[in-house]
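One structure is given here, and the rest of the page talks about it.
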Amino acid sequence: MLKKNKYGARHRINRKVKMTTLNYTVRFQKTVLASLIGFCISQPSFALEELSDAGLSETTGEGIAILPQNTYMVFRGAGANETTNQILTDRTKDTGYINYVPVGPLSMTSADTNKNGTIDSGDRAVGKADIYLYGLALSKSDNNTNTRIAPTEAAAAISSWGTAVNPWIFKVATENLVPNFSTTNCTGATDPTCQVTYLALEAPLYEMGTKDAAGLDAYKLKLGLWSDIFVRNPNKINGAADQFNYGDSNGLIGTSTDASRANRLRLQGIWNNFSLNGSRLQVFQTLGGATTSGGMSPFYNNTLGIAGVIRLNSGDSKDVKAITTSSLTEGSTTSPWTLIHAGANSTLSTSTTGDCNNGGTGSFGTSAGCRYYVEKRTRTDSKTATKTWDASGLSNAGVLRLSTRETSDTGNLITPAINGGVAPTFDANEGVYLYNPNINLVLGTLYQPLVLGSDGKNFSLEIARIANKPEIYKQIYTDYSGADTSYKGSTCNVYQCGSQLTLGGKNYQGYNATHSSISIGTAYSEDGGKTLRASTDEGAVGISFGKLNSGTISQTTYSNQMTEVHYKQRGVNTQTWVQSYSCTLFICGAGTTGYLYQWEYNNGSTPWAILAPTTKPADATCSPTIGCSSTSGTTPMYGSIANRVWANSSAVWLTAANNEVNNLIGANNGMTGTTFPTLNQAPTPVINSSPINNMGSAVIDGVLIQHLKLTTKGL
């Protein structure tokens, strides 16, 4: 429990000497711990507030509650004390660092790259990494993916990392009924072989539903840092001028030095809008009972064990997506009517002269080519789809960005810790962007611990094999169908993490899930949070190379060209008369028929209309008493030139199917009997407006580690 200070429970230290003025040059591992202790005891960084009895009434066990308030930190370079404004606005001095220095010679395993059992000129040069982590900053998110910390104290300070009801906890507790590795089950809560006492560091629990306003900043953290990583020559002392000029195509260790070689990787990492809430780390002595049978190992017994739930969540991501809007525009291009046959020639021709003799007064042709006047037109439909992909709403998403490009080049072997100078300025948009990552890792439990070991040379981490014991594996495995409730395992994700807890009237996610989950980008659950699925929506985001920007894309599709044919029609109008009689005295003999041929035009009515008609002659007369006139006109007779002019006729346009016309004009010019459809015939474009650099979302869900052992080599 926290105790009141001598000035009373509500006394605060308001001095603004920030952790940010400290300069850490850390040689892994001991001084890393010192840095963490320094961070924790820095009064202005973590102001401790009295926790009320009401707030702690539901808390059991022995421990310390910690409630950081109005805090932020950034590693600054050595120098004079700075004002708050200087610390927050001048990023060039973010050169305080942690230095991970490799020690000791390389092993044969590492140096013998050609695996011939010896170190010779055939081996590639192998070095060790010298790592400098600079400008480590932890603050409240400002949604800027290119700054390590916000430029004002109001924007940078974490107002409260937890609440009085839900603080950080550092405690010792004992858990009963923990299944051990033996083949027998626990006999009860008092069975000492099933009791585990552990030391735990617990972050505030992850609140469900609407977050408590007092602890809201805990879900809006920002982490920033940058680093220089070098490959050093293992035979050069630290600080040697050529310590990083190492490596070429071949050479013995220590002799492979290339003055032009610059082995440095410069990186920046920034993560906005994430939380650690729900994380827990337990350290304990493992239980006993393991033998060599069933794939188990006595090494698991009564040794140092660790169980951890590491939760780095950016929040529910089902609605983290770009806004897509679309429109569809239809259009048509219709050509004017075009003459394809002028009705003046027996074969297809646009000429107004031909063997139909439209310009003469004598006989005229009567084939189909002379009886039809034909035009056509074409239509092409189009549809234009336009989509806008609006990424403006992603500015508040949790984004983890890793980048390396600077705005201006610096020497490849220059780093502030060695050469002095200032922190680099990184390009604002380059790099890998991970949108809304939710990382929930379950690394061991009290009954399947993560154990640490060593053979005197190498270090190992092993997650114990799951024992073939129902009392253990039923605590771990999951029956996703829900049919067998004796299986207690579940997945830790942004929606749930084991059994729900209630403190102070508020509901929190637990930390006893057994399966891990990692999601990047837009993800959702179809079963109330038990499992996750990556979204395939067009607006879904996830991994991108470079920042995702808004954009508009259009695509137009076209129909096949459609052809419509219409025509005018005329036919031969034939009129007859008695042109002559054969006369004898008092007898009218057989007569001769006269013929008048002229065009009549289909005007849509019956009979068709004759253009500029010629009147046929009167019948010849014959009288047996007075004789007969033997003739009346001449035969055959033909219509006038005016009768043959299509343009002056009253013929109407026809579209009905007509095989004569089809045969005349050929299939390439279309067919009669078809008219343009009313609806647009172009196919609807299918387009995706998502930027090409958006790789989409990803989910790795329900990960259970049955057994894992990692052993270092070459140290």
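For the sequence shown, the positions run 1071 to 1785 when the numbering used here is used. Built from N, CA and C at the ideal position, the CB exists for glycine as well.
According to DSSP, is residue i part of a helix, a strand, or is it coil?
i       : result
Asp1451 : strand
Gly1285 : helix
Met1178 : helix
Tyr1370 : helix
Trp1669 : strand
Ser1700 : coil
Gly1205 : strand
Arg1640 : strand
Glu1245 : strand
Gly1364 : helix
Arg1381 : strand
Lys1163 : helix
Gln1156 : helix
Ile1590 : strand
Gln1113 : Bear in mind that a pLDDT of 37 at Gln1113, under 50, signals an unreliable position, so the number given afterwards is only what the model happens to contain. In this structure, Gln1113 counts as coil in the three-state DSSP scheme.
Ile1542 : helix
Leu1734 : helix
Leu1749 : coil
Trp1647 : strand
Taking 8 Å as the threshold (C-beta atoms), are residue j and residue i in contact?
i       : j       : result
Gly1468 : Phe1344 : yes
Thr1070 : Gly1612 : The chain is shown only over 1071 to 1785; residue 1070 falls outside these bounds and no answer can be derived.
Lys1446 : Gly1736 : no
Tyr1797 : Ile1219 : This structure gives no information on residue 1797, because the portion of the chain shown stretches from 1071 to 1785.
Thr1165 : Gly1147 : yes
Phe1529 : Asn1371 : no
Asn1508 : Ser1586 : no
Phe1369 : Val1266 : no
Trp1231 : Lys1292 : no
Tyr1057 : Glu1277 : Residue 1057 is absent from the model: the chain starts at 1071 and stops at 1785.
Gln1649 : Thr1691 : no
Gly1664 : Thr1705 : yes
Arg1161 : Thr1217 : yes
Thr1744 : Val1731 : no
Thr1458 : Met1632 : no
Ser1556 : Lys1544 : yes
Trp1669 : Gly1709 : yes
Cys1256 : Pro1249 : yes
Can you tell me whether residue i is buried or exposed? The criterion is at least 16 other CB atoms within 10 Å of its CB, across all chains shown.
i       : result
Ser1433 : exposed
Val1235 : buried
Pro1540 : exposed
Ile1393 : exposed
Leu1275 : buried
Ile1533 : buried
Gly1575 : exposed
Thr1423 : exposed
His1777 : exposed
Ala1726 : exposed
Glu1634 : buried
Thr1644 : exposed
Gln1570 : exposed
Trp1407 : exposed
Ala1207 : buried
Ile1770 : exposed
Phe1615 : exposed
Ala1360 : buried
Lys1045 : Any question about residue 1045 goes unanswered here, given that the chain covers just 1071 to 1785.
Contiguous beta strand (DSSP E) assignments of at least 3 residues, all confined to the region 1209-1239: 1228-1230
Counting only runs of 3+ residues fully inside the region 1469-1526, write out the beta strand (DSSP E) ranges in chain order. 1469-1473, 1502-1505, 1508-1513 and 1520-1524
For the region 1300-1352, which segments carrying the beta strand (DSSP E) assignment without a break, of at least 3 residues, lie completely within its bounds, in sequence order? 1334-1344
Which full runs of the beta strand (DSSP E) of 3+ residues lie inside the region 1544-1587, going along the chain? 1571-1573 and 1576-1578
At least 3 beta-carbon pairs within less than 8 Å: the region 1540-1553 vs the region 1750-1770: no
With a threshold of 8 Å, are at least 3 pairs of Cβ atoms found where one atom belongs to the region 1580-1592 and the other to the region 1500-1519? yes
How about the region 1487-1496 and the region 1602-1616: do they share at least three Cβ pairs that are nearer than 8 Å? no
Touching by the beta-carbon criterion (3+ pairs, under 8 Å), the region 1669-1688 and the region 1710-1725: yes
Please give me, in chain order, every unbroken run of the alpha helix (DSSP H) with length at least 4 that falls completely inside the region 1397-1450. 1438-1441
Decide if the region 1361-1377 is in contact with the region 1517-1533; the criterion is three or more beta carbon pairs, one per stretch, under 8 Å apart. yes
Indicate whether the contact test is met: 3 or more Cβ pairs, each with one atom in the region 1238-1253 and one in the region 1269-1283, closer than 8 Å. yes
Between the region 1446-1462 and the region 1622-1632, can you find at least three pairs of beta-carbon atoms closer than 8 Å? yes
Assess contact between the region 1407-1422 and the region 1468-1486, defined as three or more Cβ pairs (one per stretch) separated by less than 8 Å. Is contact present? no
Jot down the residue ranges of each uninterrupted beta strand (DSSP E) in the region 1246-1276, minimum 3 residues, whole runs only, in chain order. 1266-1272
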